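A short worksheet on the structure shown next.
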Amino acid sequence: MKPCKRLEIVIEQPLARRLAERLDELGAPGYTVLSNASGRGDRGLRRGDEVTDTFTNCLFIVACDDDAVVERIVDGVRPLIARSGGVCLVSDALWVKH
1 MKPCKRLEIV IEQPLARRLA ERLDELGAPG YTVLSNASGR GDRGLRRGDE
51 VTDTFTNCLF IVACDDDAVV ERIVDGVRPL IARSGGVCLV SDALWVKH
């Protein structure tokens with residue numbers, strides 16, 4: 001196992017494509033997207049079963065073992081989540097490389 005950082009980014013579903021493009025530009029080694037994330041935060045309740053994606057969130061998960069890339073990602077996604085709401089969490093993790 002290799003130490004890495006785990007980034008979890010919750011953002012509005014309509015911004016998912018923009019975030020995916022931004023992660024590519026910032027050098028993210030890859031990501032997983034979980035659509036229809038639901039929960040409650042400072043902008044109120046978000047349900048995963050709305051008729052449209054307008055009030056739905058999604059969760060991006062990124063595993064990265066390069067601290068410089070992690071910092072670029074955090075700095076690069078901050079404007080998106082500041083404008084529309086959302087959260088970016090960074091934690092220590094162990095990467096099971098194959």
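Under my numbering, the first residue of the sequence shown is numbered 1, with each subsequent residue one higher.
Glycine is no exception: its CB is placed at the ideal position from the N, C-alpha and C atoms.
Please read these numbers as outputs of a predicted model, since none were measured by experiment.
Rounded straight-line distance, which links the Cα of residue j to that of residue i
i, j, result
"Leu7", "Leu89", "6 angstroms"
"Thr56", "Arg83", "16 angstroms"
"Pro29", "His98", "15 angstroms"
"Cys76", "Arg17", "It is Gly, not Cys, that sits at residue 76 in the sequence shown. Approximately 15 angstroms between the Cα atoms of the pair."
"Val96", "Leu80", "30 angstroms"
Residue i vs residue j beta-carbon contact at 8 angstroms
i, j, result
"Leu23", "Ile61", "no"
"Leu100", "Ala37", "The question about residue 100 has no answer, for the chain in this structure spans 1 to 98."
"Glu12", "Gly86", "yes"
7 angstroms CB neighbourhood of residue i in its chain, flanking five on each side removed
i, result
"Gly27", "Val69, Arg72"
Reduced DSSP secondary structure (H/G/I, E/B, other) of residue i
i, result
"Val69", "helix"
"Val77", "helix"
Beta-carbon proximity list for residue i, same chain, < 8 angstroms, skipping 5 on both sides
i, result
"Leu94", "Met1, Lys2, Pro3, Cys4"
Cβ-based neighbour list, residue i, same chain, cut-off 6 angstroms, excluding 5 preceding and 5 following
i, result
"Ser91", "Arg6"
"Arg78", "none"
Exercise. Which parts of the stretch 3-42 are runs of the beta strand (DSSP E), unbroken and 3 residues or longer, counting only runs that do not cross its ends?
Worked result: 32-37, 39-41
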